[in-house]
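Heads up: the structure comes next, in structure tokens.
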Amino acid sequence: MKKLFVSVIALLGAATLYAQDLTSLYNEGAAAFGAKNYEEAIPKFEQVIADGENDELAEEVVANSKKALPMCYQNLGTRAAGQKNFDEAIAKLTKGAELAEEYGDQKRVNTINNILSKVYQVQGGTAFNNKEYAQAAEIFAKGYAANPRNTDMALNLAMSYCESGDYAKGMEVYENVAAMNPAKYAEAIAKAKEGMALYTNNEVAKLQNANDYDGIIAMADALLEKNPQSALAEKVRLQAYLNKKDYAKVIELGENAAAAQTDDEDRSLMYFTLGAAYNAKEMKPQAIAAFQKVTAGPALQSAKAALAGLQ
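Oh and the sequence shown: position 100 is 224 in our numbering, straight run, nothing missing.
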């Protein structure tokens, strides 16, 4: 029993010395970190983590190394970005975010991804400014995935998609921005809605020139499938059914389309469209009631003229 006792004491002593070695190694890494020698600090922190992972006595230095290691990559990535070495910056920042994710440090993940998104934003800016929208979209999409709350880049991404002919993807990004917290992102939301209206009207104009009203309806249905509250899609669809002379469908959808609008002019346009459908179906009382709800915008004078002819 005495020999066994001595052996246990010897093992404990060896474990203590081993923990001290890891502490010393960690301190070397911390000193290199403090001196901004991140490349030198990285392998020291990595070794502490690898060798001390299952050592209770080294728990503190392992935890500290797991916090410091992603920061090394973050700082290297930020440094590379400042030197416009974007590929290196992206590689370092991506590695840092992956390590922070692995070690359960979500705050660090968010911090690094925020920086990463800005690097992609700058990198894609050249293509965007040169109107190379397909290339810009490819780059911006990576930054958007890193941080969807970077609304400046999100708006540029949406525009790049639309300008390069991918209307559906552009609308998806615009819709995502438009659905953000209005208390914090009011300006971005307003710009997203402007972009949605602009590019949707462009798409509608193309399809109208081809007399493809079914195409307009399909486009609006796709938008509504993703966002059932889309006032723009409701407006576009109702007008397409009117142009198609499907008056029954206009009557079916008219009230909901009007209720979806947040602008008095758009709401009035929906009631004018509904009134026109009722009038075409010779449903005079319903037509009068709809035209009387037109209160603003370009449709107002047309509604007054229609009412004069009906009353």
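Note that the Cβ used here is the ideal one computed from N, Cα and C, for glycine as well.
In the three-state reduction of the DSSP assignment, A303 falls in the coil class, being assigned neither a helical nor a strand state. Between the C-alpha atoms of S392 and E296 there is a straight-line separation of about 27 Å. Taken through DSSP and simplified to helix, strand or coil, N335 comes out as coil. By the C-beta criterion, the region 370-377 is judged to be in contact with the region 393-407, since at least 3 inter-stretch pairs fall below 8 Å. Contact check between the region 171-190 and the region 207-215: fewer than three CB pairs, one atom from each, fall below 8 Å, which does not count as touching. The continuous alpha helix (DSSP H) containing E163 extends over residues 162-176. The alpha-carbon of L217 is positioned some 11 Å away from that of N234. A contact between stretches requires three or more CB pairs, one per stretch, nearer than 8 Å, and the region 304-313 fails this requirement with the region 355-370. For N380, the CB contacts under 8 Å within the same chain, skipping 5 residues up- and downstream, are E358 in chain order.
In this structure, the alpha-carbon of A221 lies about 44 Å from that of A329.
The count of Cβ pairs closer than 8 Å, one atom from the region 319-339 and one from the region 281-288, reaches three, so the stretches are in contact.
Inclusion of N199 and Y162 in the CB contact set at 8 Å is warranted, their separation being smaller than that value.
One Cα belongs to A165, the other to M195, and the distance between them is close to 11 Å.
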